Every structure is written in structure tokens, then in C-alpha cells.
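Since the structure comes first, as C-alpha cells, the remarks are kept for the end.
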Amino acid sequence: MKKRMVYIILAFSLLIFISLFIINSNKDAALSLNGDSGNEVVSNEIYDQIKSELKHLEGLELITDEEFRRDLLIFMNADEKNLFYCLSKRNLQENYSGVTNVEEYEKKLKERDIKADRTPYVFLEILGFKKLTNKKYQVDVLVKTSSEGIHYKMKNRYIFVKEDRGWMYDTYDPNFIETVEILE
């Protein structure tokens, strides 16, 4: 009974948070949690705020596609805050199929051995950008993160796909991940 009440409170809190986010983020900003909601719209004011929050990011000039640059910054900003609403339909289907509430989401994370409170990444630099197809881009990034109290920089390679909602994160290349530097 207590467990059920905790899940109800978590679900209710999540709904309140999402509502406040939408209200406070300007009326023309939208939060897309599934693959069927149409184009995600972020106002210029919010986009400027996101650019300001990521002003430390180097290498942005490597991204030549303006629409992709905008969606990439939105993804990076959301990912740094552990908000996962920039995922491709394939990613959602493969990793979170059948998930309709907080309880199912947490269960799915446990099944996949993913911690909901993962250590956030701080995106430091865009190292490379490659157009794989008209609807598929590859971006190499340098991030700062930590694990078990050890802080380090690492390289990651992300793949994004163009969908009706814009450019969405699809997957990463596990063979490209490389720890670059261990920080004090």
C-alpha cells in the first residue's frame, strides 16, 4: 500500500512538474514525451536561454545545418538536465515500449540497469559532425561526467535522425566511447 502511494505521489509530482514547465517556458514552447505529437516548438526566447546555458560549448561552428544545430542544442540542454524528451521513435520503441506511466518507466530502467539519477553529462565541445544521409547525422562530442566520485572527460559519438518533430537522438556508437582525461 505504501509503495503504491509513493508511485501515485511520484506520478502526480511529475504531472505538476510538466505542467509548470510548459506554463513557465512560454506558451509556444511544447514538451514532447512521445513520438506522435507533431513538431516540437521552442520559442526564440527559450532557445536564446538554452544557447546562454550552453555558452561554454566549443565547436558549434562545425554544425552547418541551422535546424540541426538548434535541435542539437535543445537535446544537449535537456540531456544535461536528465530530461529525455528528444528521443527518436525507434529509441522510444526499442527501449521504452509499453511505458505509459512513472511506475513502468522506473521498472524499465531497472530492467535495463539504468539509474534514473544518472550522473549528468556536461557537454564541453563538438569534436566532429558528419552527414550520414539526408535524415541521419553523426556528432562526436567531448563531455565531462563522473562515476563513483571520479570526474573525467570522455568522447562520445551520437547519431540523430530527422523525424516529424525535428532532429531526435537515436543512439550512440559504443565503439567510439573513450576516456580522454581523469580530472582531480
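Numbers 175 to 358, taken from the numbering used here, label the letters of the sequence shown in order. A virtual CB, placed ideally from N, CA and C, is assigned to each residue, including glycine. Since we're looking at a predicted model, the values are computed, not measured.
The Cβ-Cβ distance between T345 and N256 does not fall below 8 Å. Inclusion of I300 and L228 in the CB contact set at 8 Å is not warranted, their separation being larger than that value. For R331, the uninterrupted beta strand (DSSP E) run begins and ends at 324 to 337, by DSSP. With contacts defined by Cβ atoms closer than 8 Å, L261 and V313 do not form a contacting pair.
Taking C-beta atoms under 8 Å as the contact rule, M328 and V296 fail to qualify, at a distance of about 11 Å. Taking the Cβ atoms as the reference, F334 lies roughly 6 Å from M342, within the contact range of under 8 Å.
Under DSSP, the beta-bridge partners assigned to T307 are K310.
Counting along the chain, the unbroken alpha helix (DSSP H) around L246 starts and ends at 240 to 254. Looking at Y311, K309, Y326, Y221, the one whose alpha-carbon comes closest to that of E352 is Y326. In this structure, DSSP gives S226 a helical state, which the three-state scheme calls helix.
If you compare the alpha carbons of E232, Q267, T238, K263 with that of M250, the shortest gap goes to E232.
If the five residues before and after G302 are omitted, its C-beta is found closer than 6 Å to the C-beta atoms of D314, all from its own chain and listed in chain order. Relative to I220, the option among D239, E280, K284, I248 whose CA is nearest is I248.
For G323, the number of other beta carbons within 10 angstroms of its own is below 16, and it is reported as exposed.
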